[in-house]
Amino acid sequence: MIYIGAATCGIAAGALDVSESVRATLARHNIEARVVHVGCIGPCYLEPLMDIALPGAPRISYANMTPELAARIVENQFLRDDPSLDFAVAHLGKNGDAEALGLPPFFELPMLKSQVRLVLRNCGFIDPESIDHYIANDGYKGILHAFNIGAQAVIDEVREAGIRGRGGAGFPTFKKWQFCRNAPGEDKYIICNCSEGDPGAFMNRSLIESDPHCVLEGLLIAGYAIGASHGYVYINSDYKLAIARLNVGIAQMKEYGLLGDDVLGSGFPFDIIVKEGAGAFVCGEETALIASIEGRRGMPRSRPPFPAISGLKQKPTIINNVETLGTLPNILRNGATWYRQFGVQGNYGTKTFSLTGKVRRPGLIEVPLGIKLREIIEGIGGGSWRPFKAVQTGGPSGGCLSAEYLDLPVEYEAMANAGSIMGSGGMIVLDEDTCVVDLALYFLHFTQAESCGKCAPCRVGTWHMVTLLENMSKGESRPEDITRLQVLGETVKRASLCGLGQTAPNPALTTLRHFRNEYLEHAKEGYCAAAVCKDLVTYSIDAQRCNGCQLCKNVCPTNAISGVRAEVHTIDLNRCIKCRACYEVCRYHPLAGNAVVYASTRRTVA
Amino acid sequence: MNEELYPSIFSQFKGEEGELITILLRVQEAIGYISQEAVKRISQFLKISENQIYGVASFFSRFRFDEPGKISIKVCMGTACHVHGGSLLADAVGWDLGITYGQATPDKRFDFQRANCLGSCTLAPVVQINDKIQGRVLVTELKETMKHREEF
Ligand SMILES: Cc1cc2nc3c(=O)[nH]c(=O)nc-3n(C[C@H](O)[C@H](O)[C@H](O)COP(=O)(O)O)c2cc1C
Ligand code: FES
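Right under this line is the structure:
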């Protein structure tokens, strides 16, 4: 068996070309082997990944494949019986294989060592389009157990396990369910929230692409517990692969009697419908999501009534995050006590994060709650490229935590007290080359554009915040503007109708709290230490280093660079559009002298 | 315009108001944008006003009302790509094509959009040309690619 990691991230890294090349090689030599496209195993920095498993031998992982290399490894393995250990990174065999092969076990790799994979346990191991693979790995045992103990007992078990919503807010899952179960009415709905509007987060997408059945089983369990007969998966329409796999999964469930009027002869009727969203961040909010499913503009409404009482089609409705649902089969199968061994008091279980930004080993990770941020960033992520500056969690609704918070445990309350939020799982590492003013501007831009416009504090407030930040990034503001930004942010936070506005100022407010000095530098001195804010940066050529190779002159789109061959060049700042092309050639081309520098200079205060 | 198009799309639906967004998505997949003709047809099919359809469609960033260019260039502006300098890439494409994101070139050959996250954050910054995603793109690389743009 040859496994190739082909979720969106793997495909982007070139997994399909690798797979094509492997298939061609196998065909050329008449080798009998199956090529399986599996999901994302997590360490995306190693992509494209290829695993080879021979009968009776441990499965071996090869990283950073190219079509040529993969073909060579396959030929070596099958024609010459040589496992090409030079290119291997790890094995997935039993204890003891490590010594024999001289390879570390996959889960002992530094990136995976501190991780605990519960939700992601199947990701990268099973064929996501095969229900049999899922069942062979204890799939659908959770729902069987649920049928055995009855709906109320399921809610009790979930209460015992202490799982809280993974969509961001951390509301105890059993509580919502109990409200809904107790609500009068026959028709009830359960919705899986895979809106994932946070730009820069992909954990829900990866989970569905890699193991759709665990989410579908979770939906079934939740539906059974609250007494719903219809489940919806609300998913971003850009997630083509995930949608396709869900549809395959649902068709297989029907075939196996896991959906229909009488699921597995238990008398419980259930049906799942996939609803595509059309890309609006606010549609992650529960009431907006419901409006969008009903075919209306995705505008939130004020609560109460809560959806658990009156939601979709005015019927009691529960909305759960993909990951919350994906965890349920584990809890039901193994029991609450088993689940409580992970995490800490009040924050049981694990959480997935998409670890990205300026970190050495980015990827999809799953950690037990209560782990320290430092362990995630330095242990799993391998630290930042340049000296660490901050970590941003929770996407546009979350905040930045500076280095002094590195020992903060990843728990709902602890994160909230520090001014950030747990969020749905985006985790972006920032180093010294990132400007916090620019980042705050970026997020505010995003929320301002995504504000649905229903309430004025959010619609107008975010716009003014963007203007203030924009001026700062241009060096055109005064120190008083910082206070104005802060007051405005507090107001928007308090006065907005829904979670979008209530959290939108967070990126600005938390960076103000931890990096006020940087704001001051922008406002007072027109200085951007990270040299990111374009208007505050100038390009120049270091005369000591320039060897006159003319590469920069050739690449400059505006002819801003002048100089004759073998003599020092100069940049005409009036023409320079700061596109960074000259910097790149000068830095990376072997003939160039690494002479182009870009930096921000302090304005002398009058 | 292919006369069969709308009936074949509508045949997958029951004609309920809740299906509006899905119908709009299917129409946009088929013809690339939401045309006036499409709105008229949907309005007849679902028996709701054209205004209501425009109201819903304009709310969601996915829908567009002008014809897209043939070759699609998307620069990712998600957070991970942003901190890795994605906006420089967007500037480079814009400079090359002489348009800004959200537009197509006047000859409708190229279409320049920004995306909120292409799901490959670990390869940031990311650019998508037609169906192919390129990761860890440098400005100079992108300019080099754009030189061959007629061949995409
Ligand atoms: C603006 C906004 C965006 C949200 N986006 C998401 C999202 O993308 N995914 C998600 O699961 N929850 C999102 N939520 C949270 C949901 O409203 C809801 O709390 C969650 O889906 C509940 O599921 P849980 O109890 O399993 O966490 C968002 C909330 C707000 C206010
Ligand atoms: S942020 Fe660019 S791919 Fe996710």
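So the protein sequences, as listed, match chains A and B. Here the working numbering is used: the first sequence runs in plain steps of one and ends on residue 633. Here the working numbering is used: the second sequence runs in plain steps of one and ends on residue 164. Glycine is no exception: its CB is placed at the ideal position from the N, C-alpha and C atoms.
> Secondary structure at CYS219/A, three-state DSSP: helix, strand or coil?
Replying inline: Residue state for CYS219/A is assigned as strand, using DSSP reduced to three classes.
>> Report the CB separation of GLY397/A from GLY370/A in whole angstroms; it is logged as a contact under 8 Å.
In response: Yes, they are in contact, since the Cβ atoms of GLY397/A and GLY370/A sit about 5 Å apart, within 8 Å.
> Looking at C-beta atoms only, is the number of pairs between the region 135-144 of chain B and the region 82-89 of chain B that lie closer than 8 Å three or more?
Replying inline: Short answer: they touch.
>> For ligand 2, is there any heavy atom lying closer than 8 Å to the beta carbon of TYR88/B?
In response: The question names Tyr, but residue 88/B is Cys in the sequence shown. Yes, Cβ of CYS88/B sits closer than 8 Å to a heavy atom of ligand 2.
> So, does the CB of ASN128/B fall closer than 9 Å to a CB anywhere in chain A?
Replying inline: Interface criterion met: the Cβ of ASN128/B is under 9 Å from a Cβ in chain A.
> So is MET499/A buried or exposed if we call it buried at 16+ other beta carbons inside 10 Å?
Replying inline: Counting C-beta atoms within 10 angstroms of its own C-beta, MET499/A has 16 or more neighbours from the protein chains shown and is therefore classed as buried.
> What residues of chain B sit near GLU611/A, judged by a beta carbon separation below 9 Å?
Replying inline: The answer, in chain order, is LEU150, VAL151, THR152, GLU153.
> So which residues on chain B does GLY390/A lean against when the C-beta distance must stay under 7 Å?
Replying inline: Here the neighbours are THR134.
>> Tell me which residue opens and which closes the alpha helix (DSSP H) that ALA531/A is part of.
In response: Looking at the DSSP string, ALA531/A is not in any alpha helix (DSSP H), and its letter there is neither H nor E.
>> Which residues in chain B have a C-beta closer than 8 Å to the C-beta of VAL582/A? List them in chain order.
In response: Chain-order list of chain B residues neighbouring VAL582/A: THR152, LYS155, by C-beta distance under 8 Å.
> Of the choices GLY406/A, PRO137/A, GLU303/A, LEU355/A, whose alpha-carbon is the least far from that of TYR259/A?
Replying inline: It is GLU303/A.
> At which residue ranges does the region 168-240 of chain A contain complete beta strand (DSSP E) runs of 3 or more residues, listed in the order of the chain?
Replying inline: Within the region 168-240 of chain A, the complete beta strand (DSSP E) runs of at least 3 residues are 216-221.
>> If distances are taken between C-alpha atoms only, which option among LEU154/B, VAL149/B, GLN146/B, MET89/B comes closest to ARG126/B?
In response: The shortest Cα separation from ARG126/B among LEU154/B, VAL149/B, GLN146/B, MET89/B belongs to MET89/B.
> Where does the unbroken beta strand (DSSP E) through LEU391/A begin, and where does it stop?
Replying inline: 390-395 is the extent of the beta strand (DSSP E) around LEU391/A.
> Nearest CA to the CA of SER411/A: which residue from GLY425/A, GLY384/A, LEU428/A?
Replying inline: Of the candidates GLY425/A, GLY384/A, LEU428/A, the one whose C-alpha sits nearest the C-alpha of SER411/A is GLY384/A.
>> Check whether chain A comes within 9 Å of ALA104/B, counting only Cβ atoms and requiring the distance to be less than that.
In response: Interface residue, yes.
>> Taking 9 Å as the threshold (beta carbon to beta carbon), is GLN577/A in contact with chain B?
In response: False, the Cβ-Cβ gap to chain B never drops below 9 Å.
> For the putative contact between ALA115/A and SER88/A, defined by C-beta atoms under 8 Å, what is the C-beta separation to the nearest angstrom?
Replying inline: At roughly 6 Å, the Cβ-Cβ gap stays under 8 Å, so ALA115/A and SER88/A are in contact.
> So, is the C-beta of VAL68/B closer than 9 Å to a C-beta in chain A?
Replying inline: Chain A, which has a Cβ nearer than 9 Å to the Cβ of VAL68/B, makes this yes.
>> Give me, in chain order, the residues of the same chain whose beta-carbon lies closer than 8 Å to that of ASP298/A; leave out the 5 immediate sequence neighbours on both sides.
In response: The beta carbon of ASP298/A lies closer than 8 Å to those of SER256, HIS257, GLY258, LEU286, GLY287 in the same chain, with the five residues before and after it left out.
> Under the criterion of a Cβ to heavy atom distance below 8 Å, does ALA305/A qualify as lining ligand 3?
Replying inline: As far as ligands go, the structure on display features ligand 1 and ligand 2 and does not contain ligand 3.
>> So if DSSP puts VAL143/A in a beta bridge, which residue, or which two residues, is it bridged to?
In response: Beta-bridge pairing by DSSP links VAL143/A to no other residue.
> When the cut-off is 9 Å and only beta carbons count, does HIS160/B lie next to chain A?
Replying inline: Output row for HIS160/B: interface = no.
> For GLU16/B and chain A, any beta-carbon pair shorter than 9 Å?
Replying inline: So, not an interface residue.
>> Please determine whether the Cβ atom of SER233/A lies at a distance below 8 Å from any heavy atom of ligand 2.
In response: False, no ligand heavy atom lies under 8 Å from that Cβ.
>> Alpha carbons only, please: which of MET77/A, ALA54/A, HIS56/A is nearest the one belonging to ALA33/A?
In response: Check the Cα spacing between ALA33/A and each of MET77/A, ALA54/A, HIS56/A: the tightest is with MET77/A.
> Curious, which full-length alpha helix (DSSP H) runs of at least 4 residues does the region 266-327 of chain A contain?
Replying inline: Correct list: 267-282, 313-320.
> Taking the alpha-carbon positions, what's the GLU507/A to TYR45/B distance?
Replying inline: Cα to Cα, GLU507/A sits roughly 46 Å from TYR45/B.
>> If I follow the unbroken alpha helix (DSSP H) through HIS11/A, where does it start and stop?
In response: Absent from the model: residue 11/A. The displayed extent of chain A is 28 to 633, so no value can be given.
> Buried or exposed: where does HIS596/A fall if 16 or more other Cβ atoms within 10 Å of its Cβ makes it buried?
Replying inline: Counting Cβ neighbours within 10 Å, HIS596/A comes out buried, since at least 16 surround it.
>> For the alpha helix (DSSP H) containing TYR610/A, name the first residue and the last one.
In response: Its alpha helix (DSSP H) spans residues 608-615.
>> Output needed in chain order: residues of the region 47-75 of chain B with a Cβ under 7 Å from some Cβ in chain A.
In response: Listed in chain order, the positions of the region 47-75 of chain B with a beta carbon within less than 7 Å of a beta carbon of chain A are GLY67, VAL68, PHE71, PHE72, SER73, ARG74, PHE75.
> DSSP on GLY370/A, reduced to helix/strand/coil?
Replying inline: If DSSP states are grouped into helix, strand and coil, GLY370/A belongs with the strands.
> PRO395/A versus chain B: which residues are under 8 Å apart at the beta carbon?
Replying inline: Close to PRO395/A, with beta-carbon spacing below 8 Å, lies no residue of chain B; the smallest spacing is near 22 Å.
> Which whole-angstrom value describes the C-beta separation of GLY227/A and ILE448/A, a residue pair presumed to lie in contact below a C-beta threshold of 8 Å?
Replying inline: About 15 Å separates the CB atoms of GLY227/A and ILE448/A; that is not less than 8 Å, and the two are not in contact.
> Relative to chain B, which residues along the region 56-88 of chain A have a C-beta separation below 8 Å, given in chain order?
Replying inline: Residues passing the 8 Å Cβ filter: CYS71, TYR72, GLU74.
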